[in-house]
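Student: After the structure tokens below, expect a handful of questions from me.
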Amino acid sequence: MKLNYLLLDPNDVARIQVRQRLKEISSLSLTKEFSNFTDLKNFLQYESTDLVLIDPSENEDKIFKFIEQYGIQKQVVFTSKKSTHAVKGFELGILDFLPKPFNLVRFELTMERIEQKRLGIKPVNPELKKSIEVKCNLKTEKITLSAIQWIEAMGDYVKIVTSKKKYIVLSSMKGIQQRIPEKHFFRCHKSYIVNLEEVINFSQSTVFLKNKSIPLSRAKKEGFKTAWSSRY
């Protein structure tokens, strides 16, 4: 089934480039493209769509307000050079943020997420079905890897945070890192390891989980981008 999409970009050259790249995705069909927000707003007041790609560089406050008022967050993908738009997109709860220059491989991952949500599928890698055993409060606890959201350094201890519970474990970050699959967990900061499956989005200096913002160090930024884009 094809998804219909709208494209808003005030830059004519950038808009044409994105449109041409998206022609390579057979499951997408362009309904209409816009160079200004007013025309997009007028269109959406009378028509519906599956997906809206927006560069909010112009009229950003009006765009943010419109997205909230019309409740279309889960249809919107921001495409922008500004990391502040990633942060705002996270606050709004949009579907995704794609940094410019536009990367087709990265967008295909977004398409996978859309399809999985449409079908009600949450992919779980077989490696993440495994568990690790840790000593916590004088007893042994078994933690399923897929349940881990992030791990935080606390001096001689680490805090392992899952969706249901927090575990304080006597261990170094390096020690715990050696016990979890490198492909699915990334040390984005000297004090934090994140489960890549739990990452919603990221900016130049921050990794966004559902209920947590975690610092992304400058030295780890490129490595994180690579790890996150190849996590499936």
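For any residue, its number in the working numbering is found by taking its place in the sequence shown, counting from 1, and adding 6.
From the three backbone atoms N, C-alpha and C, an ideal C-beta is built for every residue, glycine too.
These numbers come from a predicted model, not from an experiment.
1. Is it buried or exposed for GLY181, if we count other Cβ within 10 angstroms and need 16 for buried?
2. Compare the C-alpha of SER178 against each of LYS170, TYR163 and ILE78 and name the closest.
3. If we ignore side chains and look at the alpha-carbon of each, how far apart do LEU101 and LEU144 end up?
4. In whole angstroms, what is the alpha-carbon distance linking VAL130 and ALA153?
5. Would you check if the distance between the CB atom of LEU202 and the CB atom of PHE192 is smaller than 8 Å?
6. Would you mind stating whether ASP61 and SER41 have Cβ atoms separated by less than 8 Å?
7. What first and last residue would you give for the beta strand (DSSP E) that runs through GLN184?
8. On the DSSP letters alone, give me the boundaries of the beta strand (DSSP E) that ALA159 sits inside.
9. Distance, Cα to Cα, PHE239 vs VAL82?
10. By how many angstroms is the C-alpha of GLU121 removed from the C-alpha of ILE186?
11. Compute the distance between the beta-carbons of LEU13 and LEU59, then report whether it is under 8 Å.
12. Just confirm the distance between the C-beta atoms of GLU64 and PRO16, as a whole number of angstroms; I'd bet it's less than 8 Å.
13. Which same chain residues, not among the five before or five after ILE31, have their C-beta less than 8 Å away from its C-beta?
14. Determine the extent of the alpha helix (DSSP H) in which LYS68 is found, giving its start and end residues.
15. Ignore the nearest five residues each way along the sequence and tell me which others in LYS148's own chain have a CB closer than 6 Å to its CB.
16. CB-CB under 6 Å to ASP56, same chain, minus the five flanking residues each way: which ones, in chain order?
17. Since PHE108 is in the beta strand (DSSP E), which residue starts that stretch and which ends it?
18. Classify HIS190 as helix, strand or coil using the three-state DSSP reduction.
19. Using CA atoms only, rank isn't needed, just tell me which of VAL24, PHE70, PHE96 and ILE69 is closest to VAL213.
20. ASN201 bridges to which residues according to DSSP?
Tutor: So, from the data block:
1. exposed
2. With respect to the C-alpha of SER178, the residue from LYS170, TYR163 and ILE78 having the closest C-alpha is TYR163.
3. 42 Å
4. For VAL130, the predicted model reports a pLDDT of 48, less than 50, meaning its position is unreliable and no value from the coordinates is stated.
5. Yes.
6. Pairing ASP61 with SER41 gives a Cβ-Cβ distance that is not under 8 Å.
7. Taken as a continuous stretch (DSSP letters only), GLN184 belongs to no beta strand (DSSP E), as it is neither H nor E.
8. 154-160
9. This structure cannot settle anything about residue 239, because the visible part of the chain is limited to 7 through 238.
10. Using only the alpha carbons, I get a separation of about 28 Å.
11. yes
12. 5 Å
13. Excluding five sequence positions before and after ILE31, the CB atoms of its chain that fall closer than 8 Å to its own CB belong to LEU110, PHE113, GLU114 and MET117, given in chain order.
14. Under the DSSP assignment, LYS68 falls in the alpha helix (DSSP H) whose first and last residues are 66-76.
15. SER137 and GLU139
16. Around ASP56: LEU9 and ASN10.
17. First-last for PHE108: undefined, no H or E at that position.
18. In the three-state DSSP reduction, HIS190 falls in the coil class, being neither helix nor strand.
19. PHE96
20. PHE191
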